[in-house]
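Quick note: the sequence shown uses the numbering used here, first residue 4, plus one each step.
In this text, a Cβ means the ideal position worked out from N, Cα and C, and glycines have one as well.
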Amino acid sequence: MVRVSNNLVGILNFVTLLLSIPIIGGGIWLSKQANTECERFLDKPVIALGVFILLVSLAGLVGSCCRITWLLWVYLVVMFLLIVLLFCFTIFAFVVTNKGAGKAVSERGYKEYRLGDYSNWLQKRVNSDKNWNKIRSCLQDSKICQRLLDDGSSTKVQDFYKEHLSALQSGCCKPSDDCNFQYVSPTNWTRTPQSSSTNPDCATWNNDPKVLCYSCQSCKAGLLDNIKSDWKRVAVINIIFLVFLVIVYSVGCCAFRNNREDNAWKRYP
Numbered sequence: 004m005v006r007v008s009n010n011l012v013g014i015l016n017f018v019t020l021l022l023s024i025p026i027i028g029g030g031i032w033l034s035k036q037a038n039t040e041c042e043r044f045l046d047k048p049v050i051a052l053g054v055f056i057l058l059v060s061l062a063g064l065v066g067s068c069c070r071i072t073w074l075l076w077v078y079l080v081v082m083f084l085l086i087v088l089l090f091c092f093t094i095f096a097f098v099v100t101n102k103g104a105g106k107a108v109s110e111r112g113y114k115e116y117r118l119g120d121y122s123n124w125l126q127k128r129v130n131s132d133k134n135w136n137k138i139r140s141c142l143q144d145s146k147i148c149q150r151l152l153d154d155g156s157s158t159k160v161q162d163f164y165k166e167h168l169s170a171l172q173s174g175c176c177k178p179s180d181d182c183n184f185q186y187v188s189p190t191n192w193t194r195t196p197q198s199s200s201t202n203p204d205c206a207t208w209n210n211d212p213k214v215l216c217y218s219c220q221s222c223k224a225g226l227l228d229n230i231k232s233d234w235k236r237v238a239v240i241n242i243i244f245l246v247f248l249v250i251v252y253s254v255g256c257c258a259f260r261n262n263r264e265d266n267a268w269k270r271y272p
């Protein structure tokens with residue numbers, strides 16, 4: 004008689020097997036439809052994730068339903084390693100995103116961002132020229148600054164200061180407030196005799212739509228603020244997924260024990 008744990012492992016892995024198909028399909032679609040390097044960035048990881056889930060699900064499904072002990076053992080080893088890696092990544096995500104936040108500015112609807120406020124590990128990632136050149140290209144392709152003009156290129160300075168800009172728009176699309184530049188439009192600012200500042204971003208700013216403040220420290224800080232928020236959401240989801248994996252792993256251990264007992268009975272009738 005087939006045990007309940009074997010049935011349950013089989014059902015769970017059949018569901019994950021079905022889920023892997025649209026994941027692989029989505030990765031293939033991304034690789035075919037993407038027009039820029041930034042859009043193609045996720046296609047290979049998505050396909051790899053889908054194939055991994057497919058293979059693990061097959062191992063669990065066949066091992067539990069066909070009573071193949073060694074295959075179920077491989078499945079449990081992979082599941083254990085996945086639980087450990089996911090647990091370590093979750094802890095790491097909370098640690099590296101613990102520091103950093105935008106600073107409110109008086110009479111401004113947006114916040115200012117400083118790279119030094121974030122963790123050293125994250126700073127090293129964006130300060131790498133190789134990494135940042137790719138990121139900057141992606142930001143330019145996203146036209147995140149062009150949206151400010153599309154929303155109102157004739158916005159008055161008083162109204163602009165009340166705008167609730169995103170972290171990337173605040174850091175990449177305008178100079179820092181302490182530069183004391185004169186406002187012309189959301190992405191056009193001119194230097195004045197009072198524009199002296201110790202902030203290196205002030206010298207980096209350029210009104211060219213392809214340059215703006217994409218090389219500024221504030222732009223990197225704005226990106227890290229986005230990453231911080233995204234990673235915290237991912238960490239919370241990981242905790243839920245970890246609980247699910249631990250339950251599946253426990254049921255899989257019961258199925259593995261059932262297979263060993265059945266094989267022992269067959270060996271000694």
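Are the Cβ atoms of residue i and residue j separated by less than 8 Å?
| i | j | result |
| --- | --- | --- |
| threonine 19 | isoleucine 50 | no |
| tyrosine 116 | alanine 62 | no |
| lysine 231 | glutamine 143 | no |
| isoleucine 26 | leucine 52 | yes |
| asparagine 209 | cysteine 182 | no |
| asparagine 9 | serine 67 | yes |
Can you look up residue i in the DSSP assignment and give me helix, strand or coil?
| i | result |
| --- | --- |
| asparagine 9 | helix |
| asparagine 191 | strand |
| asparagine 101 | coil |
| asparagine 209 | strand |
| leucine 168 | coil |
| proline 178 | coil |
| glutamine 161 | helix |
| lysine 127 | helix |
| proline 203 | coil |
| lysine 35 | helix |
Which residue or residues does DSSP assign as beta-bridge partners of residue i?
| i | result |
| --- | --- |
| tyrosine 217 | According to DSSP, which records beta bridges pairwise, tyrosine 217 is partnered with nothing at all. |
| lysine 106 | Glu115 |
| tyrosine 186 | Trp192 |
For residue i, count neighbouring C-beta atoms within 10 Å of its own C-beta (all shown protein chains included) and say buried if the count is 16 or more, exposed if not.
| i | result |
| --- | --- |
| alanine 107 | exposed |
| lysine 3 | For the chain, the structure presents residues 4 to 272; residue 3 sits outside this window and is missing. |
| alanine 206 | exposed |
| asparagine 261 | buried |
| proline 189 | buried |
| serine 221 | buried |
| tryptophan 32 | exposed |
If you compare alpha carbons, which of the options is closest to residue i?
| i | options | result |
| --- | --- | --- |
| alanine 104 | Lys133, Leu245, Leu227 | Leu227 |
| serine 131 | Lys223, Cys69, Lys102, Ile86 | Lys223 |
| aspartate 211 | Phe244, Trp192, Pro196, Asn229 | Trp192 |
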